[in-house]
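K.L.:
Chain order of the listed sequences is W and Z.
In our numbering, each residue's number is its place in the first sequence (first place is 1) plus 1.
In our numbering, each residue's number is its place in the second sequence (first place is 1) plus 1.
One structure, pasted below without further comment.
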Amino acid sequence: MPAAIEPFPEELTTPASAGPVVEGSAPVQSPGGGSELVTAPAEARKIYEKLTGALSGPVFSQVNAKAERLMSDLGITFDQYGEKRSDYIVPFDIFPRVIEAGEWEILMRGLIQRVAIWNAFFRDIYDSQEVLKSGIIPFEIIYSDPNYLRGSVGVRVPSNIYVHAAAFDLARGENGDWTVIDDYVSRPLGASYAVQARSVLSQAGPELFELAEVSPVSGYANELLELLRGYAQSGSAEPRVVALTAREETHAYYEDSFMARQMGIPLVAGSDLVVLYGRVYYKTIEGLEPIDVIYRRTGDSGIDPVAHDNTSGGVPGLMSCVRKGTVAVANAIGTGLGDNRALAAYLPRLARFYLNEPLQLPVIPRLLCVDPDQCQQVLDHLRDYFIATVATVPGQRVWRTAELDDEEVAALRLQIETNPQNFVAEAYAPANTLPTAAGDGRPRHAGLRVFTLGNRALPEYPCALTRVAADPQSRIISTGFGGGIKDTWILRGTAARNARVDDSFSTRQRRLSLGSRTAESLYWMGRYVERAENTTRIVKVLQSIQTEGSALRDDRSWIPLWEALARATGHVSNYFKRSPAKQRNVTYYLLLNRSNATSVISCIEHCRANAQATRESVAPEVWLALNLAHLLLTDRVGDQKEFVQATSAESAIALEDAVLNQLDAVSGAVQKHMLRDNGWQFWNLGVHVERAVTIVLVMRQVFLKRQNETALAPQIDTNLDALLRMLSSLYAYRSRFQTRPLLRNVATMLLQDPQVPHSLFYCVNKIEETLASVFRTATTDAATTPARLAEHLKFETNFLELDPYFVADAKGETADLGRLLETYERELTLLSSAISDHYLYHQAINILR
Amino acid sequence: MVFHIEHTTEYTYPEAATESFSELRLRPRESGRQQVSQHFTYIQPQVPVESYVDYFGNYVETISIPFRHTNLVVRSVSDVVTHEWTDALSGLDLTISEARQLHHPLRRELFDFLQPSHFISCTPEVTQMASELLPPASLFAESIYELNNYIFETFRYESGVTTARTTVAEFFEHQRGVCQDFAHLMISVCRCAGIPARYVSGYIESDIIPANSDGTVDQALIGNAASHAWVEIFSPNGHWVGLDPTNNMLEGERHVQVGIGRDYYDVPPLSGVFKGRKHQTLNVQVRVMRTQVTPE
Numbered sequence: 002m003p004a005a006i007e008p009f010p011e012e013l014t015t016p017a018s019a020g021p022v023v024e025g026s027a028p029v030q031s032p033g034g035g036s037e038l039v040t041a042p043a044e045a046r047k048i049y050e051k052l053t054g055a056l057s058g059p060v061f062s063q064v065n066a067k068a069e070r071l072m073s074d075l076g077i078t079f080d081q082y083g084e085k086r087s088d089y090i091v092p093f094d095i096f097p098r099v100i101e102a103g104e105w106e107i108l109m110r111g112l113i114q115r116v117a118i119w120n121a122f123f124r125d126i127y128d129s130q131e132v133l134k135s136g137i138i139p140f141e142i143i144y145s146d147p148n149y150l151r152g153s154v155g156v157r158v159p160s161n162i163y164v165h166a167a168a169f170d171l172a173r174g175e176n177g178d179w180t181v182i183d184d185y186v187s188r189p190l191g192a193s194y195a196v197q198a199r200s201v202l203s204q205a206g207p208e209l210f211e212l213a214e215v216s217p218v219s220g221y222a223n224e225l226l227e228l229l230r231g232y233a234q235s236g237s238a239e240p241r242v243v244a245l246t247a248r249e250e251t252h253a254y255y256e257d258s259f260m261a262r263q264m265g266i267p268l269v270a271g272s273d274l275v276v277l278y279g280r281v282y283y284k285t286i287e288g289l290e291p292i293d294v295i296y297r298r299t300g301d302s303g304i305d306p307v308a309h310d311n312t313s314g315g316v317p318g319l320m321s322c323v324r325k326g327t328v329a330v331a332n333a334i335g336t337g338l339g340d341n342r343a344l345a346a347y348l349p350r351l352a353r354f355y356l357n358e359p360l361q362l363p364v365i366p367r368l369l370c371v372d373p374d375q376c377q378q379v380l381d382h383l384r385d386y387f388i389a390t391v392a393t394v395p396g397q398r399v400w401r402t403a404e405l406d407d408e409e410v411a412a413l414r415l416q417i418e419t420n421p422q423n424f425v426a427e428a429y430a431p432a433n434t435l436p437t438a439a440g441d442g443r444p445r446h447a448g449l450r451v452f453t454l455g456n457r458a459l460p461e462y463p464c465a466l467t468r469v470a471a472d473p474q475s476r477i478i479s480t481g482f483g484g485g486i487k488d489t490w491i492l493r494g495t496a497a498r499n500a501r502v503d504d505s506f507s508t509r510q511r512r513l514s515l516g517s518r519t520a521e522s523l524y525w526m527g528r529y530v531e532r533a534e535n536t537t538r539i540v541k542v543l544q545s546i547q548t549e550g551s552a553l554r555d556d557r558s559w560i561p562l563w564e565a566l567a568r569a570t571g572h573v574s575n576y577f578k579r580s581p582a583k584q585r586n587v588t589y590y591l592l593l594n595r596s597n598a599t600s601v602i603s604c605i606e607h608c609r610a611n612a613q614a615t616r617e618s619v620a621p622e623v624w625l626a627l628n629l630a631h632l633l634l635t636d637r638v639g640d641q642k643e644f645v646q647a648t649s650a651e652s653a654i655a656l657e658d659a660v661l662n663q664l665d666a667v668s669g670a671v672q673k674h675m676l677r678d679n680g681w682q683f684w685n686l687g688v689h690v691e692r693a694v695t696i697v698l699v700m701r702q703v704f705l706k707r708q709n710e711t712a713l714a715p716q717i718d719t720n721l722d723a724l725l726r727m728l729s730s731l732y733a734y735r736s737r738f739q740t741r742p743l744l745r746n747v748a749t750m751l752l753q754d755p756q757v758p759h760s761l762f763y764c765v766n767k768i769e770e771t772l773a774s775v776f777r778t779a780t781t782d783a784a785t786t787p788a789r790l791a792e793h794l795k796f797e798t799n800f801l802e803l804d805p806y807f808v809a810d811a812k813g814e815t816a817d818l819g820r821l822l823e824t825y826e827r828e829l830t831l832l833s834s835a836i837s838d839h840y841l842y843h844q845a846i847n848i849l850r
Numbered sequence: 002m003v004f005h006i007e008h009t010t011e012y013t014y015p016e017a018a019t020e021s022f023s024e025l026r027l028r029p030r031e032s033g034r035q036q037v038s039q040h041f042t043y044i045q046p047q048v049p050v051e052s053y054v055d056y057f058g059n060y061v062e063t064i065s066i067p068f069r070h071t072n073l074v075v076r077s078v079s080d081v082v083t084h085e086w087t088d089a090l091s092g093l094d095l096t097i098s099e100a101r102q103l104h105h106p107l108r109r110e111l112f113d114f115l116q117p118s119h120f121i122s123c124t125p126e127v128t129q130m131a132s133e134l135l136p137p138a139s140l141f142a143e144s145i146y147e148l149n150n151y152i153f154e155t156f157r158y159e160s161g162v163t164t165a166r167t168t169v170a171e172f173f174e175h176q177r178g179v180c181q182d183f184a185h186l187m188i189s190v191c192r193c194a195g196i197p198a199r200y201v202s203g204y205i206e207s208d209i210i211p212a213n214s215d216g217t218v219d220q221a222l223i224g225n226a227a228s229h230a231w232v233e234i235f236s237p238n239g240h241w242v243g244l245d246p247t248n249n250m251l252e253g254e255r256h257v258q259v260g261i262g263r264d265y266y267d268v269p270p271l272s273g274v275f276k277g278r279k280h281q282t283l284n285v286q287v288r289v290m291r292t293q294v295t296p297e
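Right under this line is the structure:
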């Protein structure tokens, strides 16, 4: 019985489906076919023997245990079909696969020929379509495929190269012949697993590598980057490359972020790029960086929402730049058409048509049900085929008919009869097993995925991934069905041995500035955490003073405090009127109500969403602390009525204390674990902007109209005391002044004291320092405008003369402090929108050269 | 006839929009039956306009507005000369089935116009209309005229009932709609019967109409105040022939073609994206003015 080889699910291009749905129960037949221990060429067999010897006894379990730990430490995961969790660690088999140099060369030459065919095909299809005019391929297959992009017809791509990085699934027959099962010519996936497999095995069992001369794979990403840079059209000495990912596709995210990190290029989403005057730019905090090459990891339909409607992602206008040739996209837009399973059946004819050569590597026999004769053949022998929908039909499925019961076969038959054009049938792949190091030591079915770069038949870093079935009986070679991976040893031949292996990182690209989206996320995370903290603290203070036995007091005296709370939480000042009875309602509203956009839970949830969108920039400790804070709140959300009834003032305060502690933990984790990079600076920027705004708003309500009251009414005392507590500065005040809170002292301290973290001067000074340190080298106005605003504010507060506000002049009048605070509020708003406009939204367009 | 056409589209956003990118399909086509002597596109706020020709031969302009703006005005001004073509389907003494045979050699080029597309589908109602009005043995030209007339008589022109995204099935339900719906239905029926058909967007003279040289005044046509849409079918004489089911007539001198596609999806006058809150208000004004009578 032959084995069925499953593609990685990401290769399927139907946007909505996560992967093929497989019908059929677990197969029961025992594997047939030859083991490579027997069928491999002599040199490889010799190494297999040595490996068998080396991987026995205690060495085996040592290496195995080490490998297992490494896989889990490195977090090498792959989503499993039908399961929600995405932390499934891929099983790793320490027994490597060996491919002899000569065999590899033949294989690569055959694959490079296929790359050449695909390139010629795309060049033709997106131009004069000779292949359709001459009837080599039925035009219906192309024209009815949604991945045939009419917008790409007539668009020239650099050097007429469409396929840059490709992957091919191969199976080795009993006689040692290779057959190609699938061609992935738009978004090849899996190279990161190959690179990681080597890194795991070389750490777990370094001594194994003394047994053979194995080609290195570590430089694959750099070789890819070098290739990508070669497609830049700008002629720039330092072409700028970014990797474009579709974030919602979590499957590919691991691979995308790994490869981008390896290449040292930014991993961007569509909204990180913007099209302006016929060029694509990457939005960074320093300005717009022109981009020369986009290594795209999104499907064709997710590339440009204007050119190909029906998507929300992508870069609006990207196609217009491709058309102008100002940016190169790899692989070219339109190559998604290659995922059509029916096309591969025509490869032998295409080889003749375009290259006038026979196809070197055989393609697995495919029958197209759109052809009535072939369809009949399939229907007559349904159980002998592996049935698949042509890749571009929504709801991609594959069927291993041998494993289906009669009812399922009948249902499938009906589907094929109704819509034959949607189906192709494949002969089962040749059987071939590899020795494994799994517990039972029994051989398993295996498939090989080979990665090619451009037309390099002998890449410096040959890259291939071996996948094995989950158990000895299984013929399903799929990482999504519990299948494992192995390191693949491509032996170095004489040609490769003589070739120069360049391990230098000369191709690593100049680091681009911090992306605006990441900066924005961190900035807002800083603001949200600070806002959550301020809100919680102010509510707590209000509740505390009311429970602290000041019941005798007139409610009205608290009005300024309630007003301060309202303003600090983004409401009009009289929002809370005075309603101590509704206090716990207020607690619920401000802490737990999700429909209140400024509630603490909303802030934390926004913050989490931002953290999730910039996973790579947030330390895991911060994420953990943030999650605990979230949990603390979600535990109490429940029902508002219930909360109000069941929660006493004391327990509300206890909750607030717990939240404050946990938010301290978040801030602590940030200061302790985050890299001191520009991302961290933007977090701090957010914290201090938010805090400065809160100080001004809260102070203003309390000081409004009250500074004239020369006779110190007792409630002012209490209010000032509360104000200091609201701004977490009571301790600071007591250290500074040995008096009870006095209007002027409080104002001086909260506005000007450079050592009090909750003073306005402290905050604007921090903002100014941060901007100066991030944009120290910036020379453009656009980069420095916010810094100048901050500087201005800093000097204003520093040299502020408070006397006129508290000492009456000759006419017996004092200056209006409320007015002054209003001015500061305005200036802070201005500063905050300047920061957004200049670094995050690029309203002050600043194009970097 | 010579027309001066002004097509103004104004978007007003509830909050400032940024990073807007749009494609405009507003320039009238060049063909044997019409020539564009002038075309300008004015954009407010001012930004550069770039252009390309799309898959269906339409002239497309693109604009990118990266900065904040609360409204966007696109004003397209064209001067177009059109020519009469009265007997486009005359002399075609053959049946529908014969017509289908005749376009067989061109089936690759015509494929797109025979297949279902975004707004075109062979619903049961469409299939029934196709079998009743376009049976294989009936005469090609007569049946096409009959179909045009049937749609005109059966469905009522009424704006506000349907939207730009209304499907043929929904149009059947309402029995009322605008030129776009009339065109989509007619295309669906033709394709269902194996006759290649495509969508035409453009303008129709419907404003104040000057007197002809003989003193008569042409009747005002339906489709005013906005762009018009009609149908072209591929005729066995090798021509694409325009039919306007909204007005029950052949495309004439008073029609000005702008875009051609499989259906509306391929030729929206404006399409694009922006960042900002949704629910922008849209105000469209089209004026088609005859500036002189074509000399005899």
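Where a beta carbon is used, it is the ideal one built from N, C-alpha and C, also for glycine.
Keep in mind the model is a prediction, meaning the values are calculated, not measured.
Given this structure, state the Cα-to-Cα distance separating V530 of chain W from C608 of chain W, to the nearest angstrom.
P.N.:
Roughly 7 Å separates the two Cα atoms.
K.L.:
Cβ of F183 of chain Z versus every heavy atom of the ligand FMN: is any distance shorter than 7 Å?
P.N.:
Because no ligand of any kind appears in the structure shown, any question about the ligand FMN cannot be addressed here.
K.L.:
Straight-line CA distance for A647 of chain W to L543 of chain W?
P.N.:
The alpha-carbon atoms of A647 of chain W and L543 of chain W are separated by roughly 20 Å.
K.L.:
For V274 of chain Z, go through chain W and note every residue whose CB falls closer than 7 Å to its CB, in chain order.
P.N.:
The contacting residues are P306, V307, P317.
K.L.:
Using a Cβ-Cβ distance under 8 Å, would V154 of chain W count as near chain Z?
P.N.:
Interface residue, yes.
K.L.:
Among Z:E31, Z:R28, Z:Y151, which one has its Cα closest to the Cα of Q176 of chain Z?
P.N.:
The candidate whose alpha carbon is nearest that of Q176 of chain Z is Z:Y151.
K.L.:
Helix or strand or just coil, what does DSSP make of D55 of chain Z?
P.N.:
Reduced to three states, the DSSP call for D55 of chain Z is coil.
K.L.:
Could you name the residues of the same chain whose beta carbon sits closer than 6 Å to that of V690 of chain W, not counting the 5 residues immediately before and after it, in chain order?
P.N.:
Cβ within range, chain order: S833.
K.L.:
Use the C-beta contact count for A100 of chain Z: other C-beta atoms within 10 angstroms, 16 or more gives buried, fewer gives exposed.
P.N.:
Its Cβ being crowded by 16 or more others within 10 Å, A100 of chain Z is buried.
K.L.:
Between the beta-carbon of A172 of chain W and the beta-carbon of N594 of chain W, is there less than 8 Å?
P.N.:
For A172 of chain W and N594 of chain W, no; Cβs fall outside 8 Å.
K.L.:
For A723 of chain W versus I546 of chain W, is the C-beta spacing smaller than 8 Å?
P.N.:
Against a cut-off of 8 Å, the Cβ pair of I546 of chain W and A723 of chain W comes out as a contact.
K.L.:
Using the beta-carbon count (16 or more within 10 Å), is L277 of chain W buried or exposed?
P.N.:
It counts as buried.
K.L.:
Considering only C-alpha positions, which residue in the set W:S600, W:I118, W:G516, W:I162 is nearest to L362 of chain W?
P.N.:
Comparing Cα-Cα distances from L362 of chain W to each of W:S600, W:I118, W:G516, W:I162, the minimum goes to W:I118.
K.L.:
Under 8 Å, do V232 of chain Z and A184 of chain Z count as touching if we go by C-beta distance?
P.N.:
Taking 8 Å as the Cβ cut-off, V232 of chain Z and A184 of chain Z qualify as a contacting pair.
K.L.:
Out of W:E104, W:Q197, W:S203, point me to the one whose CA is closest to Q263 of chain W's CA.
P.N.:
Among W:E104, W:Q197, W:S203, the Cα nearest to that of Q263 of chain W belongs to W:Q197.
K.L.:
Please state the DSSP three-state secondary structure of P291 of chain W.
P.N.:
P291 of chain W: strand per DSSP, three-state reduction.
K.L.:
Out of W:G191, W:K67, W:S514, which has the shortest C-alpha to C-alpha gap to D257 of chain W?
P.N.:
Minimum Cα distance to D257 of chain W is reached at W:G191.
K.L.:
By a C-beta neighbour count over all protein chains shown, 10 Å radius and 16 as the cutoff for buried, is K642 of chain W buried or exposed?
P.N.:
Exposed is the call here.
K.L.:
Have a look at Z:N149, Z:T9, Z:L73, Z:E62 and flag the residue whose alpha-carbon is nearest the alpha-carbon of Q286 of chain Z.
P.N.:
The shortest C-alpha separation from Q286 of chain Z is found at Z:T9.
K.L.:
For G326 of chain W and Y89 of chain W, what's the separation of their Cα atoms in angstroms?
P.N.:
Looking at the two C-alpha atoms, the distance is approximately 42 Å.
K.L.:
Ignoring anything shorter than 3 residues or poking outside the segment 58-138 of chain Z, list the beta strand (DSSP E) runs there in chain order.
P.N.:
The qualifying runs are 60-66, 70-83.
K.L.:
With a floor of 4 residues, list each alpha helix (DSSP H) that falls wholly inside the segment 229-283 of chain W, ordered by position along the chain.
P.N.:
Whole alpha helix (DSSP H) segments, 4+ residues: 251-264.
K.L.:
Output needed in chain order: residues of the segment 130-150 of chain W with a Cβ under 8 Å from some Cβ in chain Z.
P.N.:
Those would be L133, K134, F140, E141, Y144, S145, in chain order.
K.L.:
For A428 of chain W, which beta-bridge partners are listed by DSSP?
P.N.:
Its beta-bridge partners are W:Y386.
K.L.:
Using the rule of at least 16 other Cβ atoms within 10 Å of the residue's Cβ for burial, across every protein chain shown, is G669 of chain W buried or exposed?
P.N.:
Label assigned to G669 of chain W: exposed.
K.L.:
Between S517 of chain W and L761 of chain W, what straight-line distance do the alpha-carbon atoms span, to the nearest angstrom?
P.N.:
About 27 Å.
K.L.:
Are the beta-carbon atoms of L369 of chain W and A343 of chain W separated by less than 8 Å?
P.N.:
Yes, Cβ-Cβ distance for L369 of chain W and A343 of chain W is below 8 Å.
K.L.:
Output yes or no for whether 8 Å exceeds the beta carbon distance between V281 of chain W and C322 of chain W.
P.N.:
In this structure, C322 of chain W lies closer than 8 Å to V281 of chain W by Cβ.
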